[in-house]
Each structure stands twice: as structure tokens, then as C-alpha cells.
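Asks: Chains as they are written, first to last, in the numbering used here: chain F, 1 to 324; chain B, 325 to 648. Here's a structure for you.
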């Protein structure tokens, strides 16, 4: 019998869902705006509708849908499926799993979006067949997921993978978490944006970024940075040199400490850039990792792109269903 | 039937062996000088003699000895049991496992001394019943071992656990590995000794360390540091403040990244000091770890002391025998 699952990518602005077969093929998708300002129960109704829409668009029969997987933002409990805190949704202690199971009647599994992204790469993307993987996602912040022996590793407090908050430069720039010198404070898009704003506004440096954002430096997106690099913008190049260096420091530390088989790099910043960026990160990591340690470690780009969320969530559904 | 194993702690200056029963009780021990300058085959004969001596001192019959475990220094391959490089033994590519099996005829398992130390704490010490542990051993250098799901985690290049070489202060002091700002360069006994030498010799600072070492500042041992602290020596206190801070940064990073259930602290420096040192490290780690992340993580002192090596090696023998 066919066994399908539905993967849901629950974001602050949109909800994506997909019916995914046993081979990881997407059979149908649906998309809805999150409208996070609505009451929680209405947002959950919308997730439910989005799931049903993807199912209806697919040609599969209801009894082939074995489970639903959801990648959601924020700290959450993967066992109970409660979203503990998601600032971009305005959620606190939302029992997402049980609410959806009540609406749909199919076993539902929830995990954090970066964990789900890492699991997706392990199951269907760059890390197929690789048992020990660290996923690093560079965007507004820097998030991560850890696959150990083929399964997501959650840790004692279910918070494993907070790669953005390893400290690479004690006493360095202030991080959103309150500490100083976290990887996220040095190499996220937020750090790059701050660096650009500082150089352009306070130091009066010239940059194509000013033109690309029509002078609104709050509007620096990953695509803006990529365009500036393609334009060989000196200031952006300088900022990226720092980013690649600190990503190298962070990856070097992780490689020395955990020695995983693979580091998968993804997220908005990585997706907007070409393979040259990965090459530079690899080179930087080589400087900071012990030579023998780095030998067995692949540093690669995530492969799933826009489908990462739904495919990862589908992988989650399948893995959790099988592990009981 | 009784099942016993023999654990061997193979160091640069001495070889310790112990017959250990199924409950982790040491039934008999033996000790020999390593005399590492001798030819490799002679040193291995000596290990074999040390194993036999412990066995003869015990009252157990030969057929109850199921396996031999050895903790050895340096990078080594835990599968083949080849010691790849051990500078303090002058060894390169020594097939320790096969050489000992040829001499004794009992399955022999080899792992790195810090891995074995961590496994010992997991099996018989501070980490009994805890499935995910990071061991951190502070001595001349800083070494570490990782237990994931109850078993030693070796990683892609069999080098997992190089905690001394996570970078906590990019651009910081030079490390023996060639990089800058590694944890080992900031918080090992070597780093403390350098700090003391620099302050006393170059800056003319007063310290009880001068008297404790009869003016030979090459002779600063962990015990010397402990004595100086008990004497409330200002300079040593200052140096230790830095040590605890950077151990806190390193542990904070590990807790944020891996979120293990337990961090076990051991090694010469930790053993020489009292619980107050652990408390200070805990406090420092609290500053650098994310609050939610640290909640589930115990930071404790290693319990096995002088027996750590042989008991860890015994645990290795038993675990490897059982895992086939």
C-alpha cells in the first residue's frame, strides 16, 4: 500500500503544506498566509485548512496519509508538540500537536524549523545516507540542527543545535541573547546589516547597497547582499570576508568538538549566494579545524531550497511514526 | 559464571592494570614503569606483563577474563586498535590491539585515554545512568570525550571530543595547535603556568608559587596551584579567575550547541582542587549558556580519581565486547 505523509512548513508569514510519498516526491502543495495576528485557534484552523487543501489537490486516498509533520519556529517540545515560545507568531505554550490531531485525526509530529530543515537534508537532500550531520542555517539569526546516528538529537533541554550561540570571540560584539561574541552576533545577516549600516551611515562609506535599497538600509535582504557581491561592491565584500571568517571559526570549533561527517549550510544568506561562498567558508574552516579532524568532514550546501521546510517536515513525520 | 575484564591505563610514565568484575569492583591491580624509551615491542611486553601480574594477584580463573580494555594516549583508531601518534611514548602507527592479542589471546580493545576516562565516569562514576555526557579533562592540555546515547562517540575522523581546540576567543593567545584563542590556550595548566611565569619573571609580581617551586617555575604542578590557592595567593587567584571564566565560555558553547545532560570535569587541575572550583565554573558557564539550555544540564566533578583510567578501560572492554 502507498504510504504518504503531509509536511507543513509553518512560518511567520506563510504556511506551506505538501503531500509527500515514500520516495520523497511532492505530490501536491498548498500555501496560505499565516496572518499571525489572528487568534491562535484561527491560525491553527488555517494550518488545518492548508493541510486539507494539499491533500485534496493530491490524487491519494485518505487512508494512505499516515502522519503529519510540522516544522514550527521557536523553542518547542518535540515530544508533547507544544510550541513554548514563538515571538514571530505571538505564541506561548501552544499545544500545536494536540490541536491539529483534534482537527484532523492523524498522528501529528512537531519539531523546530531548523531541526526539520536539517532532517530534510539528511533524508532527501545533501546528507542522504550520512549518519552524523550538523546543519547550519544563516539568515536573520544562525540556527542549527544535529543528526546523530541518523536521528535528530534534541539534548537534555530539547534545545540542542543553538549554533548561533557558541561563543567564538569572548568579549566581542553584543548578541541578541545578551552575551557577547556569539557566532550569530558576528556572522548572521543581522550582523552584516549592522556592519553595512554602520559603515554607510556613521562612516559615510560608499556602497551599491544604498542604491539597491533606495536608501532604506532597514531593507537589506539576502538577495540585496547577493546583488551587491555580484556588483563587486567593496564594502559588501569586506563585510562578507568577516562573515566567512567567523563561520570558519564556528565550523572549525564544531568540527574539532563533534567531528561530524557532514556540515550542511543553508538558510537565506547561503541560498542567495553561489558555490563560491561555500568554497570560502570551507577554506576558512580549514584554517581553524585541526587537520586530521577536518579530513573526514564534508562541508556542503543544502540542496532542498524552497522545499526544505515541507520535505523536512515530511521526513519528521515518517521518522517519528517509525520510531513509535 | 563470573565475567571479569582487565582495564589498562597506559601512560607516558606508568602502566596501571586492574582486574575488574561485572559490578565495577577492582579485584587486583598492578603497576609498572612505562620506560617509553625502550623499543616498542619491549614496552608492549611490559604492558602484557602488567596485565598478567594483575590477573595473577586476583583470585579469578583465567576463563572468567572476557576482554582487555586499554586507554592509551594520542590519536588512535579505536576500531583497528592502532595508536597513530603518541609523542610522549615516541609511538607512531603501533598496532597495540593486535600485538597484545598475539601475546595474551584475549579480545583487546583500545581507545584514547580521555574517551576512556569519560566512559569510566559514565559507567562507574559521576555519570552513571546518564546517556549523553561530555567529559572535559583539564591538565597540561584540555581533552574531552563524548558519550551519546550511552556509547562513546568517535566522529568521522575518530577525533571527536577535541574540546581543547574549540575557539573561544578568535585572535586570542597562540595555541600549541597553531591556531589562536583555543580553549586550551586559555584555560589549561600550561596556559596558567605561562601566565604565572610571565607575571613573576617579566613583571616581577610576588607570588607564593616562587617559594613552592623553589624558584623553578618549570615545576608548577596542579598540586602547586592548589597549594597557592589555599594560601590565598593573589596572583594565582587572578590566573584562576581567567581559567574559570574561559572554562565557562567553553562549557557555555558546548551546552548551547550540544545540550548534553551532563558535563563531567576531571583531569589533574580539577582533581587537585576542591568543590569551590566546580562551583565557580558552574557560575561562569551560567553566564555564557542560554538560560533554557542550561536548565537540564548538570556540571559535575569526575568521581573516579586515580582509578579513572583502569575503570574506564574496563568499561571499554565490557562495552565493546557486548556491542560485538
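The beta carbon of each residue, even a glycine, is placed where N, CA and C say it ideally should be. Predicted, not measured: the structure shown is a model, and the values here were computed from it.
Taking the alpha helix (DSSP H) that residue 256 of chain F belongs to, which residues open and close that run?
Replies: Counting along the chain, the alpha helix (DSSP H) containing residue 256 of chain F begins and ends at 234 to 258.
Asks: Express the C-alpha separation of residue 218 of chain F and residue 202 of chain F in angstroms, rounding to a whole number.
Replies: For residue 202 of chain F and residue 218 of chain F, the distance between alpha carbons rounds to 15 Å.
Asks: According to the neighbour-count rule (16 or more other Cβ atoms, all chains shown, within 10 Å of its Cβ), is residue 307 of chain F buried or exposed?
Replies: Burial call: buried.
Asks: Hey, quick one: how far does the alpha helix (DSSP H) through residue 37 of chain F stretch, first residue to last?
Replies: Note, residue 37 of chain F: premise wrong, no alpha helix (DSSP H); not H, not E.
Asks: Note down, in chain order, all residues in the region 589 to 620 of chain B with a beta-carbon under 7 Å from any beta-carbon belonging to chain F.
Replies: Correct list: 612, 614, 616, 617, 619 and 620.
Asks: Under the three-state reduction of DSSP, which class applies to residue 384 of chain B: helix, strand or coil?
Replies: Reduced to three states, the DSSP call for residue 384 of chain B is coil.
Asks: What three-state label does DSSP hand residue 476 of chain B in the structure shown?
Replies: Strand at residue 476 of chain B.
Asks: Taking a cut of 8 Å between CB atoms, which residues from the region 501 to 535 of chain B lie near chain F?
Replies: Those would be 501, 503 and 505, in chain order.
Asks: Answer yes if the region 227 to 241 of chain F comes into contact with the region 472 to 491 of chain B, meaning at least three C-beta pairs across the two stretches below 8 Å, and no otherwise.
Replies: Cβ pair count under 8 Å is below three, so no.
Asks: Just mark residue 245 of chain F as buried or exposed, buried being the case when its beta carbon has 16 or more other beta carbons within 10 Å.
Replies: Buried: at least 16 other Cβ atoms inside 10 Å.
Asks: With 8 Å as the threshold, decide whether the Cβ of residue 122 of chain F is near any Cβ in chain B.
Replies: No, residue 122 of chain F does not count as interfacial toward chain B.
Asks: Using beta carbons (cut-off 8 Å, strictly below), is residue 456 of chain B in contact with chain F?
Replies: Closer than 8 Å to some Cβ of chain F, the Cβ of residue 456 of chain B qualifies, so yes.
Asks: State buried or exposed for residue 287 of chain F, treating a residue as buried only when at least 16 other CB atoms are found within 10 Å of its CB.
Replies: So residue 287 of chain F ends up on the exposed side.
Asks: With DSSP collapsed to three states, give me the class of residue 95 of chain F.
Replies: Of the three classes helix, strand and coil, the one that applies to residue 95 of chain F here is strand, per DSSP.
Asks: Should residue 459 of chain B be labelled buried (16 or more other beta-carbon atoms within 10 Å of its own) or exposed?
Replies: Buried.
Asks: Can you check DSSP and say which residues form a bridge with residue 409 of chain B?
Replies: B:416, per the DSSP bridge assignment.
Asks: Any residues in the region 463 to 479 of chain B with a beta carbon nearer than 8 Å to a beta carbon of chain F? Which ones, in chain order?
Replies: Taking 8 Å as the Cβ-Cβ cut-off against chain F, the residues of the region 463 to 479 of chain B that qualify are 468, 470, 472, 473, 477, 478 and 479.
Asks: Could you spell out where the alpha helix (DSSP H) holding residue 602 of chain B opens and where it closes?
Replies: 599 to 612 is the extent of the alpha helix (DSSP H) around residue 602 of chain B.
Asks: Indicate whether residue 546 of chain B and residue 492 of chain B have their beta-carbon atoms separated by less than 8 Å.
Replies: No, these two residues do not count as a Cβ contact at 8 Å.
Asks: Can you look up residue 199 of chain F in the DSSP assignment and give me helix, strand or coil?
Replies: If DSSP states are grouped into helix, strand and coil, residue 199 of chain F belongs with the helices.
Asks: Based on the DSSP secondary-structure assignment, which residues constitute the bridge partners of residue 301 of chain F?
Replies: According to DSSP, residue 301 of chain F bridges with F:265.
Asks: Quick one: grab the DSSP three-state call for residue 182 of chain F.
Replies: Strand.
Asks: Given a threshold of 16 other Cβ atoms within 10 Å of its Cβ, counted over all protein chains shown, does residue 87 of chain F qualify as buried or as exposed?
Replies: Residue 87 of chain F should be labelled exposed.
Asks: Could you compute how far the alpha carbon of residue 398 of chain B sits from the alpha carbon of residue 93 of chain F?
Replies: Taking the straight line joining both Cα atoms gives about 48 Å.
Asks: Could you check which residue in F:290, F:165 and F:321 has the C-alpha nearest to that of residue 485 of chain B?
Replies: The shortest Cα separation from residue 485 of chain B among F:290, F:165 and F:321 belongs to F:290.
Asks: Mind checking whether residue 488 of chain B and residue 502 of chain B have CB atoms under 8 Å apart?
Replies: Taking 8 Å as the Cβ cut-off, residue 488 of chain B and residue 502 of chain B do not qualify as a contacting pair.
Asks: Please name the residue, chosen from B:408, B:435, B:365 and B:446, that lies closest to residue 627 of chain B on a Cα-to-Cα basis.
Replies: Closest option to residue 627 of chain B, Cα to Cα, is B:446.
Asks: What are the boundary residues of the alpha helix (DSSP H) that includes residue 318 of chain F?
Replies: Unbroken alpha helix (DSSP H) run through residue 318 of chain F: 308 to 322.
Asks: Report, in whole angstroms, the separation of the C-beta atoms of residue 43 of chain F and residue 34 of chain F, which I expect to be a contact under 8 Å.
Replies: So it is a contact: roughly 7 Å between Cβ atoms.
Asks: For residue 235 of chain F, tell me which candidate among F:61, F:311, F:193 and F:260 has the shortest Cα-Cα distance.
Replies: Among F:61, F:311, F:193 and F:260, the Cα nearest to that of residue 235 of chain F is on F:193.
Asks: Name, please, each residue of chain B whose Cβ falls closer than 9 Å to the Cβ of residue 99 of chain F.
Replies: Result: empty, since nearest Cβ-Cβ is about 23 Å, beyond 9 Å.
Asks: Using a Cβ-Cβ cut-off of 8 Å, state whether residue 252 of chain F counts as contacting chain A.
Replies: Of the chains in the structure shown, none is chain A; the protein chains are F and B.
Asks: Let me check understanding here. Comparing Cα to Cα, which of B:441, B:387, B:383 and B:605 lies closest to residue 430 of chain B?
Replies: Checking every option, the nearest Cα to that of residue 430 of chain B belongs to B:387.
Asks: Measuring only between beta-carbons, confirm whether residue 166 of chain F sits less than 8 Å from chain B.
Replies: So, interface residue.
Asks: Note down the Cα distance separating residue 131 of chain F from residue 393 of chain B, rounded to an integer number of angstroms.
Replies: Their Cα atoms are separated by approximately 27 Å.
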